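In the numbering used here, the protein residues as written are 16 to 309. Structure record follows, encoded as structure tokens.
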């Protein structure tokens, strides 16, 4: 069994027959820890999963061109079947109702397919296990600038990574914190922090660090550069869909909604309609950093 601390939460993974876990999942290495208790999630990799009678289909979901089958078990847990973009079944995960224990079977395939299946099962399990712990896994790209984190969120292909790259190349003292799935935590005093995570899309940026959030920016392509601060109800409609969530699960959905509400209460949310140019990065930086007195 190996243990990891991700955004301050301890998880354990029993890799079973897998002896090359650091080769298969190198993105987890920076998050290794020596904790032996207080695990919010335990994952067991196994060769066999029991056949379950009475399961009901929740739905078949397109996740970035890959099909995820989701099923509810009679005892309140879930089964997930993860297929890659070629239609290959990469992994199946069984979870209990609270995602405290998840069992994952990896199917024969290439190393990339095995990585995809196991890595995404662990990511989903983490997101749903922490849903009631003021923790959000959010689809965004994050720049760290002067010890503050600035999140750029948008549907895939809109240009959030392009915009963070423009910050990096245009503005001094910037570095990429995560390029796809950072983690937000709301601390007991209400302060929102953004954490690096083992999940960063196509960019291998796995930083085990955290900073206070300076602002969140919704990116939209436009013919000119315009920025405005969003009203709370607007912010909710943009931020909530960017979070890993399950609308049909009351515990998960309520937990994520509560966390997003707290986030909006303590963090400025902006909309940037922009061109993919340096001036857009400068406008965004100058506007939202002024609000933070930076």
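C-beta atoms are modelled at their ideal positions from N, C-alpha and C, and glycine is treated no differently. The model shown is predicted, which means the values in this text are computed figures rather than measured ones.
- In the same chain as residue 37, and ignoring 5 residues on each side of it, the C-beta atoms closer than 7 Å to its own belong to 44, in chain order.
- The way I'd put it, the stretch 129-137 does touch the stretch 86-101; three or more beta-carbon pairs between them come closer than 8 Å.
- Comparing C-alpha distances from residue 173 to each of 289, 25 and 40 shows the shortest one belongs to 289.
- Scanning its chain for C-beta atoms nearer than 6 Å, with the 5 sequence neighbours on each side dropped, one finds around residue 267 the residues 143, 146 and 261, in chain order.
- A residue is called buried once 16 or more other Cβ atoms fall within 10 Å of its Cβ, and residue 230 is buried on that count.
- Rounded to whole angstroms, the separation of the alpha carbons of residue 78 and residue 50 is 33 Å.
- The DSSP assignment places complete beta strand (DSSP E) segments of no fewer than 3 residues inside the stretch 237-268 at 241-244, in order along the chain.
- Closest by C-alpha distance to residue 80, out of 126, 111, 103 and 23, is 103.
- When only Cα atoms are considered, residue 221 and residue 42 end up about 6 Å apart.
- Per DSSP, residue 280 has no beta bridge partner at all.
- A buried status is given to residue 164, since no fewer than 16 other beta-carbon atoms sit within 10 Å of its beta-carbon.
- Here DSSP, grouped into helix, strand and coil, assigns residue 139 to helix.
- In the DSSP assignment, residue 77 falls within the unbroken beta strand (DSSP E) covering 71-78.
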